[in-house]
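Read through the structure below, which is laid out as structure tokens, and then see the notes.
There are 2 protein chains.
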Amino acid sequence: MSPDDGMSHMRNRRADVVDHALGVLDRHGLPDLSMRRIAAELGVQPSALYHHFASKQLLLAALADEILRRGTHTQPDPDAPWDERVRGGCHALRDAILAYRDAAELVATVHAFGLGAHEPHRRLCDDLVDAGFEPSFARDAATTLLHFVLGHATDEQLHLQANSVGAIDDAPLVPADSGRGASFDLGLSLIVDGIRLRHPSASAAAS
Amino acid sequence: MSPDDGMSHMRNRRADVVDHALGVLDRHGLPDLSMRRIAAELGVQPSALYHHFASKQLLLAALADEILRRGTHTQPDPDAPWDERVRGGCHALRDAILAYRDAAELVATVHAFGLGAHEPHRRLCDDLVDAGFEPSFARDAATTLLHFVLGHATDEQLHLQANSVGAIDDAPLVPADSGRGASFDLGLSLIVDGIRLRHPSASAAAS
DNA sequence: ACCTGAACACCGTTCAAGT
DNA sequence: ACCTGAACACCGTTCAAGT
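The listed protein sequences correspond, in order, to chains A and B.
With numbering that gives the first Met the number 0, letter number 18 in the first sequence gets 17, and the count goes up by one each step, no holes.
With numbering that gives the first Met the number 0, letter number 186 in the second sequence gets 185, and the count goes up by one each step, no holes.
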């Protein structure tokens with residue numbers, strides 16, 4: 000798809016490194032995502048990567064941004080009510096993260112280091128401000144939503160890994176595909192309902 | 000305080016290792032908490048640690064459990080209403096975590112690996128079940144609360160570290176000690192209010 | 001602009017052997 | 001019961017030098 004694809008076979012550009020690193024992540028998981036392994040599978044010396052990224056942390060930040068970019072490029076319906084937009088944004092973020100192995104831990108780490116992955120927070124914030132909430136409240140509410148989405152996705156991907164390693168399959172009392180999604184929806188509803196109580200148009204507020 | 004304290008000067012027991020490792024964590028941070036460094040500061044070979052812990056992950060799990068144990072040994076008032084008990088439990092958990100450098104990331108990691116640190120979830124769960132909620136709902140609600148507390152504490156400790164490293168001091172538009180606490184209380188209230196809407200005694204429920 | 005080759009200062013873990 | 005000594009198979013990062 001890119002202009003000079005297939006012509007250069009030795010030299011890589013930044014985007015090539017990101018793309019290959021994402022493959023390594025999805026095939027081998029975050030613990031095996033080392034600079035040396037990315038370089039080896041890319042047919043290059045480890046030191047070559049430092050031409051494109053000043054550190055491993057910055058490479059991880061680029062991976063997180065790319066994962067989120069690939070999964071959240073669809074614009075939500077601007078005519079939908081704010082709570083539907085917020086719920087949709089959280090679901091899109093979750094889906095983007097679940098599309099890559101160990102992406103939840105990766106995004107959480109990058110987010111914790113403050114290097115990137117701010118786009119989801121900004122979008123949730125904007126939706127809440129557009130809905131009439133105070134900006135400072137919108138920031139805190141968006142942060143709470145993000146903590147929930149990242150935490151839930153992290154738990155989910157860990158259990159996937161634990162089961163694939165060969166441990167007992169947890170508690171499959173539930174069809175296994177509807178179970179996790181239901182608990183995600185429930186937690187999300189708790190927070191969205193709490194936000195709704197603070198809406199300027201809310202009739203009554205709790206302590 | 001312990002029976003043979005001060006008598007043995009070469010051989011360590013499990014609790015000694017945990018105690019010393021907590022010191023290393025608090026003085027040097029999680030990135031520098033290596034088996035080799037713990038061993039060195041303890042005056043012992045790295046391999047000696049494997050007599051007490053089968054792996055680094057299990058040592059980290061013991062550290063997390065100890066941090067939580069030290070910070071949450073006070074029983075909440077059993078006569079208080081459920082929401083006060085839940086809020087108190089979340090605050091105690093947060094205080095326990097903020098007492099040690101990088102403890103949020105440590106506890107989150109251990110929790111993600113499923114090796115320990117289940118006590119806080121169990122307590123929140125019990126409080127909610129005692130309050131009359133369905134056990135399955137109580138589990139999901141407790142999980143949502145835990146994700147929030149851990150996520151918020153992780154953000155907070157990262158910003159502490161970022162500021163101590165020498166970066167610009169973020170956004171000190173607020174007295175800096177009341178600011179973070181207020182955003183924690185707000186996020187916590189969002190979730191608790193969402194839970195309250197699901198209480199059996201609630202008059203009306205949202206979608 | 002992108003890469004090599006070699007080095008530096010580390011890791012977690014295992015294992016035979018000691019006391 | 002607890003530790004040593006030595007090894008194995010790795011890390012991230014730097015830097016002069018090449019093309």
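No residue lacks a Cβ here, since even glycine has one placed at the ideal position from N, Cα and C.
Computed from a predicted model, the values in this text were never measured in an experiment.
Let's test the definition: count the other Cβ atoms within 10 Å of the Cβ of P80(A) and tell me whether it reaches 16, buried, or not, exposed.
Locating residue 80(A) in the first sequence gives position 81, where the first residue counts as 1. Exposed, because fewer than 16 other Cβ atoms sit within 10 Å of the Cβ of P80(A).
If distances are taken between C-alpha atoms only, which option among L185(B), D192(B) and R179(B) comes closest to G186(A)?
Counting from one through the first sequence, the residue named residue 186(A) turns up at place 187. Among L185(B), D192(B) and R179(B), the Cα nearest to that of G186(A) is on D192(B).
So, at 6 Å on beta carbons, what are the nonlocal neighbours of L41(A) in its own chain, with the 5 sequence-adjacent residues on each side left out?
In the first sequence, the residue the question calls residue 41(A) occupies position 42. Here the set comprises H19.
If we call anything under 7 Å between Cβ atoms a contact, is A61(B) one with V17(B)?
Translated into the one-based positions of the second sequence, residue 61(B) becomes position 62. Translated into the one-based positions of the second sequence, residue 17(B) becomes position 18. Yes. Within cutoff.
Can you check whether the C-beta of S33(B) is within less than 7 Å of a C-beta belonging to chain A?
Counted from its first residue, the second sequence places residue 33(B) at position 34. Answer no: the Cβ-Cβ gap between S33(B) and chain A never drops below 7 Å.
Y99(B), DSSP secondary structure in three states:
The residue labelled residue 99(B) in the question sits at position 100 within the second sequence. Correct three-state label for Y99(B): coil.
Take Q44(B) and list the residues in its own chain whose beta-carbon comes closer than 7 Å to its own, dropping the five residues that flank it on each side.
What you label residue 44(B) is simply residue 45 of the second sequence in a count that begins at 1. Result list for Q44(B): A38, in chain order.
Can you give me the Cβ contacts of M34(A) inside the same chain, cut-off strictly under 6 Å, excluding the 5 residues immediately before and after it?
Counting from one through the first sequence, the residue named residue 34(A) turns up at place 35. Cβ within range, chain order: P45, L48 and K55.
If we count the other Cβ atoms within 10 Å of its Cβ and call it buried at 16 or more, is E104(A) buried or exposed?
Taking the first residue of the first sequence as 1, we reach residue 104(A) at position 105. The residue in question, E104(A), is buried, as its Cβ has 16 or more Cβ neighbours within 10 Å.
D76(B) to L144(B) span [Cα, whole Å]:
Here residue 76(B) refers to the residue found at position 77 of the second sequence. Here residue 144(B) refers to the residue found at position 145 of the second sequence. Between D76(B) and L144(B), the C-alpha separation is close to 20 Å.
Say whether chain B places a C-beta atom closer than 7 Å to the C-beta of L157(A).
By 1-based counting over the first sequence, the position of residue 157(A) is 158. Taking Cβ atoms only, chain B reaches closer than 7 Å to L157(A), which makes this a yes.
Once the 5 residues before and after D101(A) are set aside, which same chain residues still bring their CB inside 7 Å of it?
Residue 101(A) sits at position 102 when you count from the first residue of the first sequence. Closer than 7 Å at Cβ, skipping near neighbours: L24, G28, L29 and Q156.
Go ahead and pull the three-state DSSP assignment for G193(B).
In the second sequence, counting from the first residue as 1, residue 193(B) sits at position 194. In the structure shown, G193(B) sits in a helix (DSSP, three-state: H, G or I).
Ordered list of alpha helix (DSSP H) runs contained in the segment 60 to 127 of chain B, each at least 4 residues
81 to 97 and 102 to 112
What number of angstroms, rounded off, separates the C-alpha of E83(B) from the C-alpha of H158(B)?
By 1-based counting over the second sequence, the position of residue 83(B) is 84. By 1-based counting over the second sequence, the position of residue 158(B) is 159. Using only the alpha carbons, I get a separation of about 29 Å.
Under 7 Å, do T71(A) and A95(A) count as touching if we go by C-beta distance?
Against the first sequence, residue 71(A) aligns to sequence position 72. Against the first sequence, residue 95(A) aligns to sequence position 96. The answer is yes: Cβ separation under 7 Å.
Quick one: give me the first and last residue of the alpha helix (DSSP H) that E40(B) is part of.
For the purposes of this step, residue 40(B) is taken as residue 41 along the second sequence, with counting starting at 1. Note, E40(B): alpha helix (DSSP H), M34 to E40.
Assigned exposure category for S135(A) - 16 Cβ within 10 Å defines buried:
Here residue 135(A) refers to the residue found at position 136 of the first sequence. The residue in question, S135(A), is exposed, as its Cβ has fewer than 16 Cβ neighbours within 10 Å.
Closest Cβ-Cβ distance between I190(A) and chain B: below 7 Å?
By one-based count along the first sequence, residue 190(A) stands at place 191. Closer than 7 Å: yes.
L123(A) and A107(A): beta carbons closer than 7 Å?
Indexing the first sequence from 1 puts residue 123(A) at position 124. Indexing the first sequence from 1 puts residue 107(A) at position 108. No. Outside cutoff.
Using 8 Å for Cβ pairs, my map puts T73(A) next to A111(B). What's the rounded Cβ distance?
The sequence position of residue 73(A) within the first sequence is 74, counting from 1. The sequence position of residue 111(B) within the second sequence is 112, counting from 1. Between A111(B) and T73(A) the Cβ distance is about 29 Å, and since that is not below 8 Å, they are no contact.
Closest by CA to N211(B), which one among H51(B), D139(B), H90(B) and R93(B)?
Residue 211(B) is absent from the structure shown; chain B starts at 0 and stops at 206.
CA nearest to the CA of C89(B), picked from D125(B), A14(B), P119(B) and R138(B):
To locate residue 89(B), count along the second sequence from 1; it is residue 90. Comparing Cα positions, the closest option is P119(B).
Quick check: is the beta carbon of L24(B) nearer than 7 Å to any beta carbon in chain A?
The residue labelled residue 24(B) in the question sits at position 25 within the second sequence. Not an interface residue.
Would I96(A) pass as an interface residue toward chain B - the criterion being a Cβ-Cβ separation below 7 Å?
On the first sequence, residue 96(A) is found 97 positions in, with the first residue counted as 1. Cβ-Cβ to chain B under 7 Å: no for I96(A).
Please list the partners that H151(A) has in chain B, where partner means a Cβ-to-Cβ separation under 9 Å.
In the first sequence, the residue the question calls residue 151(A) occupies position 152. The contacting residues are T142, T143 and H146.
Note down, in chain order, each residue of its chain lying with its Cβ closer than 8 Å to the Cβ of I66(A), except the 5 sequence neighbours on either side.
On the first sequence, position 67 is the one that residue 66(A) refers to. Hits under 8 Å: L21, A95, I96, A98, Y99, A102, L105 and V106.
Starting from G212(A), find everything on chain B with Cβ-Cβ shorter than 8 Å and list it in chain order.
As displayed, chain A neither begins before 0 nor continues past 206, which places residue 212(A) out of reach and without an answer.
I'd like the span of the alpha helix (DSSP H) that includes D15(B), first residue to last.
Here residue 15(B) refers to the residue found at position 16 of the second sequence. Taken as a continuous stretch (DSSP letters only), the alpha helix (DSSP H) holding D15(B) covers R13 to H27.
Nearest-angstrom Cα separation, counted from A137(A) out to D78(A):
Looking up residue 78(A) in the first sequence gives position 79. Looking up residue 137(A) in the first sequence gives position 138. D78(A) and A137(A): Cα-Cα distance of roughly 19 Å.
Indicate whether G115(B) and D64(B) have their beta-carbon atoms separated by less than 7 Å.
The residue you call residue 115(B) lines up with position 116 of the second sequence. The residue you call residue 64(B) lines up with position 65 of the second sequence. For G115(B) and D64(B), yes; Cβs fall inside 7 Å.
Taking Cβ positions only, does V173(B) come closer than 7 Å to chain A?
Translated into positions along the second sequence, residue 173(B) becomes position 174. Low local confidence applies: a pLDDT of 43 at V173(B) is under 50, so the model's placement there is unreliable, with the coordinate-based value given in what follows. No, V173(B) lies away from the interface with chain A (no Cβ there is under 7 Å from its Cβ).
Any non-hydrogen atom of the ligand NAD closer than 6 Å to V43(A) Cβ
This structure simply doesn't include the ligand NAD, nor any ligand for that matter.
Please state if the CB of I190(A) and the CB of I194(B) are separated by a distance shorter than 7 Å.
The residue labelled residue 194(B) in the question sits at position 195 within the second sequence. The residue labelled residue 190(A) in the question sits at position 191 within the first sequence. No, Cβ-Cβ distance for I194(B) and I190(A) is not below 7 Å.
Looking at the C-beta of G115(A), does it have a partner C-beta in chain B at a distance below 7 Å?
As a position in the first sequence, residue 115(A) is number 116, starting the count at 1. Not an interface residue.
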